[in-house]
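Report on the following structure.
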Amino acid sequence: MLLHFCSRNPALSIPGGFTADHLPTGLQIVGPHHADYEVLRIGQAFEKAAAYGEKRPVFPAVTNE
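When the sequence shown is numbered by the numbering used here, its final residue is 54 and no position is left out of the sequence of numbers.
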């Protein structure tokens, strides 16, 4: 992400799903200069299609031993 920040390209980080172990992952969308609106539009379309932002990771039960 630092490289995109230094190059001044618009970037967006959104929830990207879960691993096989139910750990959350992220997705970074990077666009060309002056494509801020397109990056946001792509991110919104992905979030609506995948609905990962509404899901929560599954944690194993904790027992007090």
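Don't be surprised by glycine CBs; every beta carbon is placed ideally from N, CA and C. Since this is a predicted model, take the numbers as computed values, not measurements.
Test item: CB-CB of residue i and residue j under 8 angstroms
| i | j | result |
| --- | --- | --- |
| Gly15 | Pro(-1) | no |
heavy atom of the ligand FAD below 7 angstroms from residue i C-beta
| i | result |
| --- | --- |
| Asp10 | In the structure shown, the ligand FAD is absent, as is every other ligand, since no ligand is present at all. |
Alpha carbon of residue i to alpha carbon of residue j, nearest angstrom
| i | j | result |
| --- | --- | --- |
| Asp10 | Val47 | 9 angstroms |
Residue-chain proximity (residue i, chain E), Cβ-Cβ < 8 angstroms
| i | result |
| --- | --- |
| Leu29 | Any reference to chain E falls outside this structure, which holds one protein chain only. |
Please specify which runs of the beta strand (DSSP E), each continuous and at least 3 residues long, are wholly inside the stretch 12 to 50, giving them in chain order.
Runs found: 13 to 19.
Between the stretch 41 to 52 and the stretch 21 to 33, are three or more C-beta pairs nearer than 8 angstroms?
Contact between the stretch 41 to 52 and the stretch 21 to 33 is absent, because fewer than three Cβ pairs lie under 8 angstroms.
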